[in-house]
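For the working numbering, count along the sequence shown from 1 and bump the result up by 39.
For each residue, glycine too, the CB sits at the ideal point set by N, CA and C.
For reference, the structure is listed below as structure tokens.
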Amino acid sequence: MSLRIGVDTGGTFTDVVAYDDETGAIHVRKVSSTRDDPGRAIITGVLEILEQIGGRTAEEVGYFAHGTTVGTNALLTYRGVPTAVITTRGFRDLLELGRGRRPRLYDLQADKPEALARRSARFEVTERVRHDGRIETPLDEHDVRKAAAAISARGIRSVAVCLLYSFLRPEHERRIREILHEELGRDVFVTLSCEVLPEFREFERLSTTVVNAYVGPVVADYLAALRKRLADIRLGVVPHVTQSNGGIIPFEAAEQFPVRMVLSGPSTGVVGAAGIAATAGHPDIITFDMGGTSSDVSLVQNGRPKVTKGMELDGRPIRSPMLDIHTVGAGGGSIAWIDAGNHLKVGPASAGSDPGPACYGKGSEATVTDANVVLRTLNPEYLLDGQMRIDSSASEQAVTALADRLGLDVQAAAQGIIRVVVANMARAIRVISVQRGYDPRDYTLVPFGGAGPLHASWLARELGIATILVPPTPGAQSALGLLMTDVRADFTRTAIRRFDAAHVADIRQVLVELTDQATEWFADEDIPQERRHLGYAIEMRYVGQNYELPVTLAAGDLTEESLPEVLARFAVEHERLYGYSAPGDPVEAVTYRVQGIGDVPTAELAAKTTDGSPVDIALVGRRELRVAEVGGSAVVPVYHRSKLQPGHRIDGPALIEQMDTTTVVLPGDQVVVDEHLNLIVRVTDGLVASSRNGAEA
């Protein structure tokens, strides 16, 4: 017998999901995160879930995957390692120069983020590669050895190397690494830009390389320590970790490129939600992952999550293939506060797991969770099906203190907190939908995370979305998604060429070389031939433009005959995003991308049947609900989700509780349980939806 385990570490809880290959049963466990040592909560959660499902042992685990924010947190809290930088002579100050624009256009006092490598730890070496790949000035190895001596004298053990146009000619960077290992030993952590990001735009490439070097040793030490802990409990399989692209790779492979893990946790939740929703007949979705500290939103079209080539994190550009996820500081633990203008604000500061919301018994500040306790959308006595007792009077006191300052009663203040946090989340969704040329009314909202279903109906009304799909284990969706993803790696290169018949051979050659890299990676990962898949894309632009649009290719074998089809797809994408296209204008191919995907056995959510019992078998009580939508106060039915069966229907207002979350069903909502035990919520309370969603509603 074999178990598959996925572990997702959040700011408040660490979620553990176990899937039994033999029975198809899914088990969920939540434990409080341990910020000082995230690995401690992971081991605790794994041991507890093994005991929960019948005294199983780690030796029975046939697959283990983990989503982590260790690298991201190290970057955001400036807890990386001292880092040195080696650049082409004349480019020492590029980290400060950046793109020459202010972080916020109208804020003259706004500062750029602090450089992760001090100026005194940045060294220039004589060498120069031209834009066409020609070596104008050979590498001066004496300069490199002088830099190595200075790095050694400062006790620095992590070095970022970023030379001009190294994505065309990487040999200078590779020789620098050899010299650093000769002078400093093999323990020095060396990051080469030609390996981390073989693409043009030197500032973004330098920033990404420095971030990788800054957090690399932290992530490597964390994963190495976790590997040892897992071995100590006799886990016999190779542990995997999630990347930002939604795929997984072994711990050891991830240790060299932690910058590719900045969205490690949120990405698998999106992948899992996409699979669940597509199976349920909803291929176009907007995912809404609201946890204890933040909310992550993403758009999925035709069952495929949208992918972007990078993001800014704390003002620093990071370029790496990743799912297009937008994050805001709006979670269950987000603290409500009043600004200088006496306006109510929520987040981004969070109470986390310690001290946590006031109702946890340690904190005193009002949070989103406390507002829900006051409104009775959350059970005022306990959470996690009774595993965690809470203090509702503490929530009342915390929100009352805020209400008194605003001149409101406690219920109005709590409702205000919810409205503010919903507005924050709606803005985040518009970033990945409206601002990308997509109408959110054409999509199904899929909420997950411990607080997602709690706020989904309000959020759907805010955006005009008519359908909500709540997956079976929303509070642990990211951990479950770890069991539904594949092994993935991305291979990229910049080579600017006119996209025409005269250059098709050059373009094809780049794709062939990237395909060879992917094939070598497949072999290194021991992925059988029948489980290998390749995806191709080219980033293109009209000649004279400064930014590119990705266009997928049906196959890597580009021919003269297929050029018009690819150009037509580029024109369609340009029209969608910018509102116009220019047929006949010359187009350039800029950056080429090949993604290698290795299939792994994934958790399959089998369809369920009903025994014909009425929905009342799931009715566990009634509770006063204190929200404006019910007129301020109304006693509503409370159902337990574990007892719901396919075909059951619930009309709002009502509450649906389960171990890992609560789903709020507002007046006008109609809930139907589908054959996969998803809650399909039709929001029909005066919504003006698109024709497609309107017909479904």
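Those residues which DSSP pairs with residue i across a bridge
i, result
"TYR575", "LEU592, VAL633"
"LEU606", "LEU606 is not bridged to any residue."
"TYR421", "ARG428"
"TYR581", "VAL626"
"TYR102", "ARG43"
"THR126", "GLU163, CYS201"
"GLN340", "ARG343"
"ARG68", "VAL55"
"PRO356", "GLU351"
"GLY660", "VAL677"
Contact belief for residue i with residue j at Cβ below 8 Å, rounded distance in angstroms
i, j, result
"ILE218", "ARG184", "6 Å"
"GLY4", "SER373", "Lying outside 40 to 736, the shown extent of the chain, residue 4 is not represented and no answer is given."
"THR122", "ALA252", "5 Å"
"ALA104", "LEU274", "With a Cβ gap of about 12 Å, ALA104 and LEU274 do not count as contacting."
"ALA405", "LEU445", "In fact, because the Cβ distance is near 11 Å, the residues do not count as touching under 8 Å."
"THR701", "PRO419", "At roughly 12 Å, the Cβ-Cβ gap does not stay under 8 Å, so THR701 and PRO419 are not in contact."
"SER334", "MET523", "Between MET523 and SER334 the Cβ distance is about 21 Å, and since that is not below 8 Å, they are no contact."
"ARG632", "ALA576", "5 Å"
"PRO360", "VAL346", "6 Å"
"ILE719", "LEU447", "Not quite, the Cβ-Cβ distance comes to about 36 Å (not below 8 Å), so this is no contact."
"ASP301", "GLY110", "It is Val, not Asp, that sits at residue 301 in the sequence shown. With a Cβ gap of about 7 Å, VAL301 and GLY110 count as contacting."
"VAL55", "ARG74", "Between ARG74 and VAL55 the Cβ distance is about 17 Å, and since that is not below 8 Å, they are no contact."
"ARG268", "GLY84", "Rounded, the Cβ-Cβ distance is 12 Å, inconsistent with contact."
"LEU203", "GLU241", "6 Å"
"PRO209", "THR533", "That belief does not hold up - the Cβ atoms of PRO209 and THR533 are roughly 12 Å apart, past 8 Å."
Straight-line gap, residue i to residue j (C-alpha atoms, nearest Å)
i, j, result
"GLU163", "PRO256", "23 Å"
"LEU352", "GLY651", "51 Å"
"GLY733", "GLN426", "Because GLY733 sits at a pLDDT of 36, beneath the cut-off of 50, its placement in the model cannot be relied upon, and the point is left open."
"PRO676", "ALA518", "30 Å"
"TYR117", "PHE538", "43 Å"
"ALA270", "ASP59", "21 Å"
"SER306", "ILE364", "8 Å"
"VAL46", "GLN282", "14 Å"
"LEU422", "VAL611", "49 Å"
"THR416", "GLU212", "57 Å"
"GLU234", "ASN411", "47 Å"
"VAL310", "LEU484", "14 Å"
"ALA607", "GLY583", "19 Å"
"PHE228", "ASP409", "45 Å"
"ALA312", "ASP525", "14 Å"
"GLY194", "ARG131", "20 Å"
"LEU223", "SER191", "7 Å"
"GLN295", "VAL704", "46 Å"
"GLY686", "ALA505", "20 Å"
"ARG661", "ALA693", "9 Å"
"ALA736", "GLU696", "Reliability fails at ALA736, whose pLDDT of 31 lies under 50, so the model's placement of it is uncertain and the value that follows must be treated cautiously. Going from the Cα of ALA736 to the Cα of GLU696 covers about 24 Å."
"TYR617", "ILE471", "15 Å"
"TYR102", "ALA388", "36 Å"
"LEU602", "ALA540", "8 Å"
"ALA557", "ILE65", "34 Å"
"LEU42", "VAL277", "14 Å"
"MET698", "GLY304", "21 Å"
"PHE561", "LEU683", "43 Å"
"ALA495", "GLY488", "11 Å"
"ILE566", "VAL280", "17 Å"
"SER431", "THR332", "20 Å"
Burial state of residue i (16 or more Cβ within 10 Å)
i, result
"ALA594", "exposed"
"THR598", "exposed"
"GLY477", "Checking the sequence, you will find Tyr at residue 477 rather than Gly. Label assigned to TYR477: buried."
"VAL473", "exposed"
"ASP529", "buried"
"PRO297", "buried"
"PRO344", "buried"
"TYR261", "buried"
"GLY129", "exposed"
"LYS348", "buried"
"GLY370", "buried"
heavy atom of the ligand NAD below 7 Å from residue i C-beta
i, result
"ALA264", "The ligand NAD is not part of the structure shown, which contains no ligands of any sort."
Subject >> Segments assigned beta strand (DSSP E), at least 3 residues, entirely inside the stretch 436–501 >> reply: 483–487
Original post:
What are the complete beta strand (DSSP E) segments, minimum 3 residues, inside the stretch 670–707?
Top reply: Here the runs fully enclosed are 673–679, 688–690, 693–697, 700–704.
Original post:
In the stretch 175–254, which residue ranges form an unbroken alpha helix (DSSP H) of at least 4 residues, counting only runs that do not cross its ends?
Top reply: 180–192, 210–223, 232–235
Subject >> Start-end ranges of the alpha helix (DSSP H) lying completely within the stretch 287–318, minimum 4 residues >> reply: 290–293, 303–318
Subject >> Complete beta strand (DSSP E) runs within the stretch 370–398 (minimum length 3 residues, chain order) >> reply: Complete beta strand (DSSP E) runs here, min 3: 373–377, 383–389.
Subject >> Continuous alpha helix (DSSP H) assignments of at least 4 residues falling wholly in the stretch 496–571 >> reply: 516–520, 543–563, all fully within the stretch 496–571.
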